[in-house]
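So the structure is just underneath, and the comments pick up after that.
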């Protein structure tokens, strides 16, 4: 029996961004990248960080803005490297 859950990568980008902003690990990553090395952001601060990195006013913009999509892909890669899911660039 399947759970009906979609793989994260197949979700719309705005939904991926929302899930990331509610992830404790992303909140910590965002805080560190924002200059708060011992800190932890809340979901709304993480969302603000994401919007700033992607240069958007709303996560919905990720669905139509190619530049924002590229910025989001870079942010996801940095986050994945930070948490050890992929090798970090040298």
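Numbering (the working numbering), first residue to last: 1320 to 1409.
Cβ atoms here follow ideal geometry from the backbone N, Cα and C, with glycine treated the same way.
Bear in mind that the values here come from a model prediction, so they are computed numbers and not experimental data.
(request) Assign residue 1324 to one of two classes, buried (16 or more other C-beta atoms within 10 Å of its C-beta) or exposed (fewer than that). (result) exposed
(request) Name the residue from 1383, 1391 and 1357 whose alpha carbon lies nearest to the alpha carbon of residue 1368. (result) 1391
(message) Under 7 Å: does the beta carbon of residue 1384 sit that close to some heavy atom of the ligand SAM?
(response) Ligands in the displayed structure: none, and consequently the ligand SAM is not present.
(request) Please state whether DSSP places residue 1329 in a helix, a strand or coil. (result) helix
(message) Using only the alpha-carbon positions, how far apart do residue 1358 and residue 1398 sit?
(response) 16 Å
(request) Can you say whether residue 1340 is buried or exposed, counting buried as having 16 or more other CB atoms within 10 angstroms of its CB? (result) Counting of Cβ neighbours within 10 angstroms places residue 1340 among the buried residues, the total reaching 16 or more.
(message) Applying the 10 Å Cβ sphere with the 16-neighbour rule, what's the burial state of residue 1395?
(response) buried
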